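First up is the structure itself, then whatever we jot down about it.
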Amino acid sequence: MRMSTLFAPTRKEDPADAEIASHRLLVRAGFIRMVARGIYSFLPLGWRSVRKIERIVREEMDRAGAQEMRMPGVQPAELWQESGRWDAYGSELLRLKDRKGSDFALGPTHEEVVTSLVRDNLSSYKQLPINLYQIQTKFRDEPRPRFGLMRGREFVMKDAYSFDVDKQAAHESYATMKDAYHRIFTRMGFDFVAVEADTGNIGGDLSHEFQVVAETGEDVIVRCTTSGRAWNVEKAPISIEDAERDPDAQFAELEVVKTPKTHTIAEVSAFLEREASSIVKTLIYLADGEPIAVLMRGDHAANEVKILAHLRASGLDCAELVLADDVTVSKVTRAPVGFAGPARLEVPIYADLSVRPMVDFVTGANMKDRHLTGVNWGRDFEVSSFGDFRRAQAGDICADTGSPYEEFRGIEVGHIFYLGTKYSDAMSAKLQGEDGELKPLEMGCYGIGITRILAAAVEQSHDGNGIVWPMPLAPYHVTVLPLQARNEEVMAEAERIYAELRAAGVEVVLDDRDVRAGGKFKDAELIGFPVQIAIGSRGLAEGQVELKQRAAGDKVLVSTDTVVAEVARIVREGLEG
RNA sequence: CGGGGUGUGGCGCAGCCUGGUAGCGCGCCAGUUUUGGGAACUGGAGGCCGGAGGUUCGAAUCCUCUCACCCCGACCA
Numbered sequence: 361m362r363m364s365t366l367f368a369p370t371r372k373e374d375p376a377d378a379e380i381a382s383h384r385l386l387v388r389a390g391f392i393r394m395v396a397r398g399i400y401s402f403l404p405l406g407w408r409s410v411r412k413i414e415r416i417v418r419e420e421m422d423r424a425g426a427q428e429m430r431m432p433g434v435q436p437a438e439l440w441q442e443s444g445r446w447d448a449y450g451s452e453l454l455r456l457k458d459r460k461g462s463d464f465a466l467g468p469t470h471e472e473v474v475t476s477l478v479r480d481n482l483s484s485y486k487q488l489p490i491n492l493y494q495i496q497t498k499f500r501d502e503p504r505p506r507f508g509l510m511r512g513r514e515f516v517m518k519d520a521y522s523f524d525v526d527k528q529a530a531h532e533s534y535a536t537m538k539d540a541y542h543r544i545f546t547r548m549g550f551d552f553v554a555v556e557a558d559t560g561n562i563g564g565d566l567s568h569e570f571q572v573v574a575e576t577g578e579d580v581i582v583r584c585t586t587s588g589r590a591w592n593v594e595k596a597p598i599s600i601e602d603a604e605r606d607p608d609a610q611f612a613e614l615e616v617v618k619t620p621k622t623h624t625i626a627e628v629s630a631f632l633e634r635e636a637s638s639i640v641k642t643l644i645y646l647a648d649g650e651p652i653a654v655l656m657r658g659d660h661a662a663n664e665v666k667i668l669a670h671l672r673a674s675g676l677d678c679a680e681l682v683l684a685d686d687v688t689v690s691k692v693t694r695a696p697v698g699f700a701g702p703a704r705l706e707v708p709i710y711a712d713l714s715v716r717p718m719v720d721f722v723t724g725a726n727m728k729d730r731h732l733t734g735v736n737w738g739r740d741f742e743v744s745s746f747g748d749f750r751r752a753q754a755g756d757i758c759a760d761t762g763s764p765y766e767e768f769r770g771i772e773v774g775h776i777f778y779l780g781t782k783y784s785d786a787m788s789a790k791l792q793g794e795d796g797e798l799k800p801l802e803m804g805c806y807g808i809g810i811t812r813i814l815a816a817a818v819e820q821s822h823d824g825n826g827i828v829w830p831m832p833l834a835p836y837h838v839t840v841l842p843l844q845a846r847n848e849e850v851m852a853e854a855e856r857i858y859a860e861l862r863a864a865g866v867e868v869v870l871d872d873r874d875v876r877a878g879g880k881f882k883d884a885e886l887i888g889f890p891v892q893i894a895i896g897s898r899g900l901a902e903g904q905v906e907l908k909q910r911a912a913g914d915k916v917l918v919s920t921d922t923v924v925a926e927v928a929r930i931v932r933e934g935l936e937g
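Counting in my numbering, the first sequence runs from 361 upward without gaps.
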């Protein structure tokens, strides 16, 4: 490819709306352009990298025995009504009507379509196991798309679905996919972790997220410092002290203190000069619309999955638990947000176990700009029940090993689930087993965010000058830069090297534009070609060209006779990892 | 959905408070000189100032409505 014809509109300046490196650089280097909120076009360079990502995914999925197919982007409402998700999925499901007024959805995922397909076309356990996958555009109407490709509304995803006779076989399919995912992300050169995760609303009871380690990641992960096992913070088992309060404790007087404009724990802690761990925060939740209060120690965070489980175990049949909005908080506490406290609160109060041993703590006073000190449960308010509601964080103790957790952020690029029979039950997808009985299919589903990987790769590998592509994902492996476009010898040598590299199977861009050397260098760095060959009249007089690898950054002079073989070798080694 | 902000040539911005015929940098076109890390000069092209309505002799500027985009929050209390 010649740079003079390549459609790669690069920019000197950062786009005004981009915050993180991947978004900024993918726009600046001419890989993507936004069309609408959370919706992007992929320009030639961007699309080439996307196709390389797809290819690696395809090769490893095929190797793992999965079969590629293709399902529609537009799906009839009936299928979603059958699984119950037409109502359950919420407003992320973009709904539309056809000319007859029938309801459709833009597919955010394909469990319904694939389950009905398999149900209608397989009849015996002898046809199992089967794993079907596709690489396709999905649409999820995200409440807040952001960070370019990281959280878009339209995105490309690889989704696979496994079907097995029983749970054991399904677990084997799951393990096969887990291995395939490890190979895929290793081949892409990622620093990643497989994280044990909560299954959320997808169902099932076994799930791993594949997280690329990155400071700008949206997910928080904890990892045990001895076993190396990693968990999503909502799932991580922490060792909890279940301590009683000292029965002889003397309680201080309850006191109202002025705390102007201190809305957060950090502000209250600083203002009153008390440790965050001596403050109790009062979270107002809506359990199926009914307000409840949850008390947490000031330095802890709440885990809604645990709270929900506790409510159910206490006999409260609660389907949905959400943090209350500001209006509800004001109504329940009779005070603005930031001053909620348990005393004289007329809703059920649930408290984390770490609150039980606390004496004379600080809480909000349910009055604007006021907190209470010397607060004690039992005397100043009653607790409905205590439970473990804590979300894991750095420094917490791993329940498995007794070692502390470390915390880091990640970009979720893959997620695998063992689904069980959730969809096959709902959609009565059954097969005859060996014993002649009809049994629901055991399912698993396995996603990879193809376009998000493009952003994750840039996030993990860039510098002040631009993108630093790993060889397997680079849109082109090499760029050839004739530094004086009007010098015939320089151009002739550039053309020769360009042609020979292409003949050697190297993907190469010749920067044949009549621009100054500086411009070519800047664009080459920005786009992130792994290898640069700079050809100038000075070096050529000595029979030499300059070879630079983007990642290492150092330049070496190489003879014009050996440069093609040398570069071909670098590219080959880069592709092999 | 709540809070904040921004919409002015392709891109990044100033002008708005205090109304009076639209400006800067980059990019683009032509020419001259340049030519190993985003050149200099000269001359050009390109904008219904997001949209609608209003106030006014006169609106990018003031008022109302609306649309779009960005940031923060939606485990903050």
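We treat Cβ as the ideally placed atom computed from N, Cα and C, and that holds for glycine.
Nothing here was measured: the structure is a model prediction, and the numbers come from that model.
- Around His-383, the same chain offers Phe-507 and Gly-508 as residues with beta carbons nearer than 6 Å, after the five sequence neighbours per side are excluded.
- Straight across, the Cα-Cα distance linking Phe-741 with Phe-611 is about 14 Å.
- Rounded to the nearest angstrom, the Cβ distance from Gly-734 to Glu-613 is 5 Å, consistent with a contact under 8 Å.
- DSSP assignment within the segment 456-497 yields the following whole beta strand (DSSP E) runs of 3 residues or more, N-terminal first: 463-466.
- Straight-line measurement puts the Cα of Met-656 at about 19 Å from the Cα of Thr-688.
- Leu-482 places its beta carbon less than 8 Å from that of Leu-791.
- A direct Cα-Cα distance of roughly 7 Å separates Gly-698 from Thr-622.
- Contact check for Ala-852 against Asp-872 fails: the beta carbons are separated by 8 Å or more.
- A straight-line Cα-Cα distance of about 11 Å links Gly-762 and Pro-597.
- Taking a contact to require three or more Cβ pairs closer than 8 Å, the segment 514-528 and the segment 444-464 do not qualify as touching.
- Around the CB of Met-718, 16 or more other CB atoms lie within 10 Å, so the residue is classed as buried.
- Within the same chain, and ignoring the five residues on either side of Val-573 in sequence, the residues whose Cβ sits closer than 7 Å to its Cβ are Asp-551, Phe-552, Val-553, Phe-768 and Gly-770.
- Annotation for Phe-545: Phe-552, Phe-570, Val-572, Val-773 and Gly-774 place their beta carbon closer than 8 Å to its own, counting only its chain and skipping 5 residues before and after.
- With respect to the C-alpha of Glu-650, the residue from Thr-497, Lys-641, Leu-454 and Leu-671 having the closest C-alpha is Leu-671.
- 8 Å or more divides the Cβ of Pro-503 from the Cβ of Arg-397.
- Listed in chain order, the non-local C-beta contacts of Ile-857 below 8 Å within the same chain comprise Val-840, Ile-893, Ile-895, Val-905, Thr-920, Val-923 and Val-924, local neighbours out to five positions each way being set aside.
- By a beta-carbon distance limit of 8 Å, Met-831 contacts Leu-935. Their separation comes to about 5 Å.
- Scanning Gly-913, Gly-937 and Lys-882 for the CA closest to the CA of Glu-373 turns up Lys-882.
- Between Leu-900 and the set Leu-843, Trp-737 and Gly-865, the nearest pair of CA atoms involves Leu-843.
- For His-383, the uninterrupted alpha helix (DSSP H) run begins and ends at 381-388, by DSSP.
- In summary, Pro-835 is buried, with 16 or more beta-carbon neighbours lying within 10 Å of its beta-carbon over all protein chains present.
- The beta strand (DSSP E) runs lying completely inside the segment 665-705 and spanning 3 residues or more are 681-683, given in chain order.
- Relative to the Cα of Ala-426, the nearest Cα in the group Cys-805, Gly-809 and Glu-819 belongs to Cys-805.
- The residue from Met-510, Glu-885 and Asp-608 with its alpha-carbon nearest to that of Ile-380 is Met-510.
- Between Asp-558 and Val-665, the C-beta spacing is below 8 Å.
- Residue range 437-443 is occupied by the alpha helix (DSSP H) that includes Leu-439.
- A contact is defined here as three or more CB-CB pairs under 8 Å, and the segment 813-822 fails this definition with respect to the segment 529-537.
- Between the alpha carbons of Asp-785 and Leu-801 lies a distance of about 8 Å.
- Segment contact: the segment 488-498 against the segment 446-463, fewer than three CB-CB distances shorter than 8 Å; contact not assigned.
- When secondary structure is reduced to three states using DSSP, Gln-820 falls in the helix class.
- Of the residues assessed, Ile-581 falls on the buried side of the cut-off, its CB having 16 or more other CB atoms within 10 angstroms.
- For Leu-886, the enclosing alpha helix (DSSP H) begins and ends at 877-887.
- At least 8 Å separates the beta-carbon of Ile-644 from that of Ala-669.
- A check of alpha carbon separations from Glu-575 across Asp-648, Gly-807 and Val-818 identifies Val-818 as the nearest.
- Partner residues in the beta bridge of Glu-556, as assigned by DSSP, are His-568 and Trp-591.
- Within the model, the alpha-carbon separation for Met-548 versus Ile-757 is close to 33 Å.
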